[in-house]
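For reference, the structure discussed in these notes is given below.
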Amino acid sequence: MRAVWAETGGGAEVLRIVERALPEPQANQIRIRVAAAGINNADIVQRKSGIAPAGAPPGLGLEVSGTVDAVGEDVADWSVGQRVCALLDGGGYGDFALADARSVLPVPDDITHCEAAGLPEALLTVWQNLVVSGNCQPGDTVLVHGGGSGIGSMAVQVAKMLGARVATTAGSPERCNRLTELGADRAINHNEEDFVTIVSEMGGADVILDIVGGPYLNRNLAAAREGARIVQIAFLEGGETTIDLALLQHKRLALTGSKLRPRSAAHKGELTDAIRRFVWPTVARRGITAVIDRIFPLAEVADAHRYFEARRHFGKVILDLQN
Ligand SMILES: NC(=O)c1ccc[n+]([C@@H]2O[C@H](COP(=O)([O-])OP(=O)(O)OC[C@H]3O[C@@H](n4cnc5c(N)ncnc54)[C@H](OP(=O)(O)O)[C@@H]3O)[C@@H](O)[C@H]2O)c1
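Its first residue numbered 1, the sequence shown is counted upward by one per residue in the UniProt record's numbering.
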């Protein structure tokens with residue numbers, strides 16, 4: 001089977017499509033014949049370092065869609081031939097991948113594999129940060145930074161599903177238009193408008209999902225309503241800053257963050273279970289979709305990484321294993 005490895009760290013040119021033996025599922029795993037795989041920033045980080053996290057398979061790829069090909073002896077919920085998508089520990093850019101059976105979701109018939117491959121990582125991340133950490137409630141005002149990202153475009157949709165009012169930031173009028181089409185109540189062009197002023201005029205945010213970090217933190221504190229939760233998903237502009245603790249104290253704010261990849265299989269399974277119960281019915285009627293920007297064949301995986309790193313995409317970038 002084909003797999004994509006970064007045997008040395010570096011740019012997209014280090015990616016190699018290699019032949020590897022078919023992986024055998026452990027007792028609690030299923031093997032998926034992969035039809036499509038999502039590209040995530042964690043893959044870029046792994047490629048640059050050339051090192052997979054401890055315990056993870058060496059191949060790249062954290063989410064796939066495809067067909068169940070084999071099941072481990074303790075797996076009762078899945079059977080060969082079912083269409084599924086899954087969050088993985090790694091090894092998703094390849095013809096076959098192993099998934100913990102708890103991190104698998106059924107793919108409805110009218111959702112393509114390329115669409116389904118863009119769902120697991122974004123949905124689990126958004127559920128963790130918006131619902132578990134952010135305690136998003138109906139009627140809350142939610143501010144999603146980087147709405148045009150894979151995570152952001154999913155966060156906007158899930159927040160709307162939960163009955164929140166959504167403000168979101170993006171870097172151009174076109175990206176803002178796409179976000180209002182996705183359901184955002186107010187899309188803020190961060191190159192031309194001040195999100196603190198606009199969100200304050202909306203009464204302040206109850207939940208803020210942030211991927212920018214450093215220079216945004218004090219501005220997030222200013223845009224927050226009393227009792228708000230600010231959740232750090234990433235810190236693209238820097239992980240260190242000085243904050244006004246008086247504002248934190250005065251507004252009784254909670255500042256938290258999380259990282260999905262190192263969480264236990266049991267925790268990812270709990271998130272998957274919640275998504276299956278609370279989000280999947282909306283996914284099945286296409287009320288929530290992975291926004292797919294571009295699909296690359298596996299042979300063009302290096303170009304796909306270059307395209308992803310240019311950060312001009314809106315939503316998800318997908319690898320098609322069937323072409
Ligand atoms: N904590 C977790 O568990 C977890 C899980 C998954 C992903 N992440 C992280 O979440 C972030 C988003 O992931 P993704 O895959 O959705 O990203 P992505 O699709 O590559 O999107 C990144 C987008 O963020 C926006 N952005 C805003 N400020 C930015 C800045 N200072 N630098 C660069 N881009 C900026 C840009 O859109 P505009 O030009 O429109 O602003 C850019 O297109 C990544 O950093 C990723 O590592 C964290």
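Beta carbons are placed, not taken as given, at the ideal position from N, Cα and C, and that holds for glycine.
Less than 7 Å between the CB of residue i and some heavy atom of ligand 1, yes or no?
i, result
"S149", "yes"
"E121", "yes"
"G171", "yes"
"R311", "yes"
"R165", "no"
"I30", "no"
"K259", "yes"
"V212", "yes"
"I233", "yes"
"R175", "yes"
"F308", "yes"
"N41", "yes"
"L236", "yes"
"T197", "no"
"T125", "yes"
"H267", "no"
"H190", "yes"
"G61", "no"
"G90", "no"
"G152", "yes"
Measure the alpha-carbon distance for residue i versus residue j and round it to whole angstroms.
i, j, result
"S103", "G139", "30 Å"
"G152", "E24", "35 Å"
"K316", "G163", "24 Å"
"V323", "A3", "Reading off the sequence shown, one finds Asn at residue 323, where the question assumed Val. Approximately 15 Å between the Cα atoms of the pair."
"residue 353", "T180", "Lying outside 1 to 323, the shown extent of the chain, residue 353 is not represented and no answer is given."
"V34", "R20", "14 Å"
"A41", "G92", "The question names Ala, but residue 41 in the sequence shown is Asn. N41 and G92: Cα-Cα distance of roughly 14 Å."
"N189", "P173", "6 Å"
"L217", "L143", "13 Å"
"V84", "A56", "21 Å"
"A97", "E192", "44 Å"
"R16", "E226", "51 Å"
"A184", "K160", "8 Å"
"A246", "R178", "37 Å"
"I230", "Q157", "19 Å"
"A99", "L60", "14 Å"
"G134", "I208", "8 Å"
"I233", "D77", "31 Å"
"G203", "A254", "18 Å"
"I51", "G9", "7 Å"
"C136", "V126", "11 Å"
"G269", "L260", "12 Å"
"H250", "A310", "40 Å"
"T289", "H313", "16 Å"
"L22", "R165", "47 Å"
"R277", "V64", "20 Å"
"R294", "R252", "42 Å"
"S200", "G150", "26 Å"
"V107", "Q82", "8 Å"
"D109", "L182", "23 Å"
"G147", "A170", "6 Å"
Of all the options the options, which has the alpha carbon lying nearest to the alpha carbon of residue i?
i, options, result
"A299", "L319, V131, Y307", "L319"
"I30", "P57, A70, A56", "A70"
"A302", "P106, D273, W280, V14", "V14"
"T282", "I208, L119, R219", "L119"
"I275", "L22, I32, V132", "V132"
"N129", "F278, R294, G257, R306", "G257"
"V68", "V80, V291, T168", "V80"
"F296", "Y307, T289, R286", "Y307"
"A37", "D206, K48, P58, L88", "L88"
"W280", "L124, G66, V18, I32", "L124"
"Q46", "E7, P106, G66", "E7"
"A155", "L321, H313, H305, V291", "V291"
"V75", "D109, D273, Q26", "Q26"
"G238", "N220, L248, G214", "G214"
"A284", "G171, A116, N220", "A116"
"I243", "R263, N220, A265, S264", "N220"
With 8 Å as the threshold, decide whether the Cβ of residue i is near any Cβ in chain D.
i, result
"L98", "The chain inventory of the structure shown lacks chain D, comprising one protein chain alone."
Return yes when the C-beta of residue i is under 7 Å from any heavy atom of ligand 3, and no when it is not.
i, result
"G146", "The model depicted lacks ligand 3 and carries ligand 1 instead."
* To do: Report the residue ranges of all alpha helix (DSSP H) runs contained in full by the region 163 to 187; include only those spanning at least 4 residues, in chain order.
  => 173 to 182
* To do: With a floor of 3 residues, list each beta strand (DSSP E) that falls wholly inside the region 3 to 32, ordered by position along the chain.
  => 15 to 19
* Curious, which full-length alpha helix (DSSP H) runs of at least 4 residues does the region 28 to 80 contain? -> 41 to 49
* Asked: Whole beta strand (DSSP E) runs in the region 96 to 147 with 3 or more residues, listed along the chain?
  -> 96 to 100, 104 to 106, 141 to 144
* Could you give the uninterrupted runs of the alpha helix (DSSP H) lying entirely in the region 238 to 264, keeping only those of 4 residues or more? -> 245 to 251
* Which residue spans inside the region 256 to 311 form an unbroken alpha helix (DSSP H) run of at least 4? -> 265 to 278, 280 to 284, 301 to 309
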